[in-house]
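Student: In the numbering used here, the protein residues as written are 7 to 139. My structure is below; once you've seen it, I'll send some questions.
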């Protein structure tokens, strides 16, 4: 909490009555890391289902078109193969560019809003609402 208070004071100023703008909110980078770590540690949406449009080859197996793949965000976000000390709440892990142990799987290991054409349409609204609270 100390780092969050410090960042708020730096971005908005120490006065408890301050001008709240989207531009200032964008400069709250440490708060971003706290939000990401919260979503990694305890995801709001525990599972995402993806249906393949074409035949897929995954992990050496061939899967026909229409196969449903389940992404278990709770397990991925707390897997020691992807995260150092996953049980510990550590927002600082998201300060690094490659915050996941395996950068090639980073997009899968932390993906609370989905990706690609199926990204949650409310992602930016949700993140800004959480951040502004």
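Backbone N, C-alpha and C fix where the C-beta goes; we use that ideal spot for every residue, glycine too. Just so we're clear, the structure is a prediction, and the values are computed from it rather than from any experiment.
1) Counting along the chain, where does the beta strand (DSSP E) carrying residue 64 start and finish?
2) Closest to residue 17 by CA distance: which of 32, 112, 7 is it?
3) Could you have a look at residue 56 and say whether DSSP puts it in helix, strand or coil?
4) The alpha helix (DSSP H) that contains residue 68, what's its start and end?
5) Going by C-alpha distance, which of 73, 76, 21, 38 is nearest residue 132?
6) Considering just the uninterrupted stretch of the alpha helix (DSSP H) at residue 133, what are its terminal residues?
Tutor: Per the coordinate set shown:
1) 62 to 64
2) Considering only alpha carbons, the answer is 32.
3) DSSP places residue 56 in strand when its eight states are reduced to three.
4) Careful: residue 68 lies outside any alpha helix (DSSP H), inside the beta strand (DSSP E) at 67 to 69.
5) 38
6) 129 to 138
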